[in-house]
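Peer 1: Take this structure, written in structure tokens, and hold onto it; I'll ask about it next.
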Amino acid sequence: MAYAALSSLIYTLEQLFKPNQSFVCRSYKQHVQSLYQNLSALQDLLDDTTKDIETLKVIEKRIRNVVYKAEDRVDSSLRSIILADREDKRQKACRSFYEELLKVEQQVYFLNNEVMLIEFNKHRSKSAELATTPSSPEKSTIEENTIVGMEDDFNIILDCITAQTDELTVIPIFGMGGIGKTTLARKVYDNSYIRS
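Below, the structure written as structure tokens:
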């Protein structure tokens with residue numbers, strides 16, 4: 001429902017941009033465009049959060065309330081401008097429209113910030129959850145068992161490292177990407193004989 005309310009208000013504002021709408025106070029067109037852009041950004045954020053139902057439930061009610069009130073204010077102000085039969089009434093209605101527009105802009109701005117904060121906290125908590133997840137013992141056994149066809153290389157490197165020499169020995173491991181160089185080096189490093 002929040003998405004529908006946003007779409008309705010965005011449509012109302014789009015109508016104000018049409019060339020045949022001369023009743024809108026021209027001096028406030030920039031504020032109308034700013035509000036339109038903020039609402040569109042909010043709608044985009046809402047599009048992204050629809051993938052996460054929990055987050056959507058948290059913010060949907062707040063968005064709906066703010067947008068309904070905003071649309072009522074905009075519609076009421078526009079009605080006053082249209083019904084103004086004299087120039088002084090029209091100017092007064094334009095000022096009222098401007099004041100309402102500022103209030104709506106401020107509410108939408110805060111709402112955008114609130115939605116972005118919820119999104120930020122959601123992503124931060126997921127990152128923290130991933131960072132605190134302990135590595136399972138299954139993972140290390142899988143990595144240990146995934147070396148296929150490198151037993152000879154493993155034994156050669158192990159022999160070079162454990163050989164009793166007075167010189168420092170550098171053992172390069174090179175080759176195409178994805179063939180297990182890092183896994184081989186990790187297996188040698190994690191070997192109980194090397195560790196002791």
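Numbering follows UniProt numbering, in which position 70 of the sequence shown is assigned residue number 70; successive positions increment by one, without gaps.
Where a beta carbon is used, it is the ideal one built from N, C-alpha and C, also for glycine.
What residue does the alpha helix (DSSP H) around residue 219 start on, and which one ends it?
Peer 2: Since the first residue of the chain shown is 1 and the last is 196, residue 219 is not available in this structure.
Peer 1: In this structure, does DSSP put Leu-168 in helix, strand or coil?
Peer 2: Here the question's residue 168 lines up with position 168 in the sequence shown. Coil at Leu-168, not helix or strand.
Peer 1: Determine the closest residue to Gln-33 out of Asp-47, Asn-20, Leu-45, Ile-10, with distance taken between C-alpha atoms.
Peer 2: For the purposes of this step, residue 33 is identified with residue 33 of the sequence shown, where counting begins at 1. The residue with the shortest Cα to Cα distance from Gln-33 is Ile-10.
Peer 1: Provide the residue span of the alpha helix (DSSP H) that contains Phe-154, from first to last.
Peer 2: Translated into the one-based positions of the sequence shown, residue 154 becomes position 154. It spans 151-162 - the alpha helix (DSSP H) in which Phe-154 sits, taken as one unbroken run.
Peer 1: What separation, rounded to the nearest whole angstrom, lies between the Cα atoms of Cys-67 and Phe-120?
Peer 2: On the sequence shown, residue 67 is found 67 positions in, with the first residue counted as 1. On the sequence shown, residue 120 is found 120 positions in, with the first residue counted as 1. The residue asked about is misnamed: residue 67 is Val in this sequence, not Cys. C-alpha separation (whole angstroms): 22 Å.
Peer 1: Assign Cys-25 to one of two classes, buried (16 or more other C-beta atoms within 10 Å of its C-beta) or exposed (fewer than that).
Peer 2: In the sequence shown, the residue the question calls residue 25 occupies position 25. Buried is the call here.
Peer 1: Sorted by chain position, which residues of the same chain lie with C-beta nearer than 6 Å to Met-176's C-beta, five sequence neighbours on each side aside?
Peer 2: For the purposes of this step, residue 176 is taken as the residue at position 176 of the sequence shown. Same-chain partners within the cutoff: there are none.
Peer 1: For a test of the three-state rule: what should DSSP assign to Asn-121, helix, strand or coil?
Peer 2: Counting from 1 along the sequence shown, the entry for residue 121 is found at position 121. Residue state, collapsed to three classes: helix.
Peer 1: Compute the distance between the beta-carbons of Val-104 and Val-74, then report whether it is under 8 Å.
Peer 2: Within the sequence shown, numbered from 1, the residue matching residue 104 stands at position 104. Within the sequence shown, numbered from 1, the residue matching residue 74 stands at position 74. Yes, the pair counts as a contact, with Cβ atoms nearer than the cut-off.
Peer 1: Within 10 angstroms of its Cβ, does Leu-102 collect 16 or more other Cβ (buried), or is it exposed?
Peer 2: Locating residue 102 in the sequence shown gives position 102, where the first residue counts as 1. Classification of Leu-102: exposed, given that the 10 Å Cβ count is below 16.
Peer 1: Specify the secondary structure class of Arg-86 as computed by DSSP and reduced to three states.
Peer 2: Working through the sequence shown from its first residue, we reach residue 86 at position 86. Here Arg-86 sits in coil by DSSP.
Peer 1: Can you tell me whether DSSP reads Ile-179 as helix, strand or coil?
Peer 2: Here residue 179 refers to the residue found at position 179 of the sequence shown. Coil, per DSSP.
Peer 1: How long is the line joining the alpha carbons of Asp-153 and Ser-40, rounded to whole angstroms?
Peer 2: As a working note, residue 153 is residue 153 in the sequence shown. As a working note, residue 40 is residue 40 in the sequence shown. Spanning the two alpha carbons is a distance of roughly 59 Å.
Peer 1: CA-CA distance, Leu-45 and Asn-20?
Peer 2: Counted from its first residue, the sequence shown places residue 45 at position 45. Counted from its first residue, the sequence shown places residue 20 at position 20. Rounded to whole angstroms, Leu-45 to Asn-20 spans 31 Å at the Cα level.
Peer 1: For the structure I just gave you, are there three or more beta carbon pairs, one from the stretch 77-89 and one from the stretch 109-117, closer than 8 Å?
Peer 2: The stretch 77-89 is not in contact with the stretch 109-117.
Peer 1: So, for Cys-94: in the same chain, excluding its five sequence neighbours on each side, which residues have a beta-carbon less than 8 Å away from its beta-carbon?
Peer 2: Reading the sequence shown from its first residue, position 94 is the one you call residue 94. These residues qualify, in order along the chain: Cys-25, Ser-27, Tyr-28, Ile-81.
Peer 1: I believe Ala-4 touches Ile-63 by the beta-carbon criterion, under 8 Å. Please report the beta-carbon distance rounded to the nearest angstrom.
Peer 2: Taking the sequence shown and counting its residues from 1, the one referred to as residue 4 is at position 4. Taking the sequence shown and counting its residues from 1, the one referred to as residue 63 is at position 63. At roughly 11 Å, the Cβ-Cβ gap does not stay under 8 Å, so Ala-4 and Ile-63 are not in contact.
Peer 1: Determine the direct distance from the alpha carbon of Gly-180 to that of residue 198, and round the result to whole angstroms.
Peer 2: Residue 198 falls outside the range modelled here, since the chain spans only 1 to 196, and no answer is possible.
Peer 1: Roughly how many angstroms lie between the CA atoms of Leu-168 and Leu-158, to the nearest whole one?
Peer 2: Stepping through the sequence shown from its first residue, residue 168 is reached at position 168. Stepping through the sequence shown from its first residue, residue 158 is reached at position 158. Leu-168 and Leu-158: Cα-Cα distance of roughly 14 Å.
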